[in-house]
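Q: Numbering (my numbering), first residue to last: 11 to 89.
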Amino acid sequence: MAEQYNPTIRGWWNYYGAFYRTAMLELGRYLDRKLVRWAQRKYKALRRHKRRSEEWLRKMKKAYPRQFMHWQVHGAQVG
């Protein structure tokens, strides 16, 4: 999934990031929320557990910090 979306995210960051840094922070949070929802659909154990899903995302960010473009730019913060 990261291979598919990283070029698009990188393009947004290169184009909008120079002028709208705060908008890029919000975009990173939005993408993380979408990843949490994806994990809830994919993994049965996370299905009804928002907090557990957010913890899963935190672990993924720590284990694979260069997986997604927005993780590289903003580090392992979860919003």
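Idealized CB from N, CA, C, for every residue including glycine.
Please read these numbers as outputs of a predicted model, since none were measured by experiment.
Can you name the start and end residues of the alpha helix (DSSP H) that residue 34 belongs to?
A: Residue mapping note: residue 34 aligns to position 24 of the sequence shown, counting from 1. Run containing residue 34: 31-52, per the alpha helix (DSSP H) assignment.
Q: Could you tell me the boundaries of the alpha helix (DSSP H) in which residue 74 lies?
A: On the sequence shown, residue 74 is found 64 positions in, with the first residue counted as 1. No alpha helix (DSSP H) contains residue 74, which DSSP labels as neither H nor E.
Q: Which value, in whole angstroms, describes the spacing of the CA atoms of residue 62 and residue 56?
A: By 1-based counting over the sequence shown, the position of residue 62 is 52. By 1-based counting over the sequence shown, the position of residue 56 is 46. Rounded to the nearest angstrom, the two C-alpha atoms are 6 Å apart.
Q: Determine the DSSP secondary structure at residue 12, reduced to helix, strand or coil.
A: In the sequence shown, the residue the question calls residue 12 occupies position 2. In this structure, residue 12 counts as helix in the three-state DSSP scheme.
Q: Residue 78 and residue 24: beta carbons closer than 8 Å?
A: The sequence position of residue 78 within the sequence shown is 68, counting from 1. The sequence position of residue 24 within the sequence shown is 14, counting from 1. For residue 78 and residue 24, no; Cβs fall outside 8 Å.
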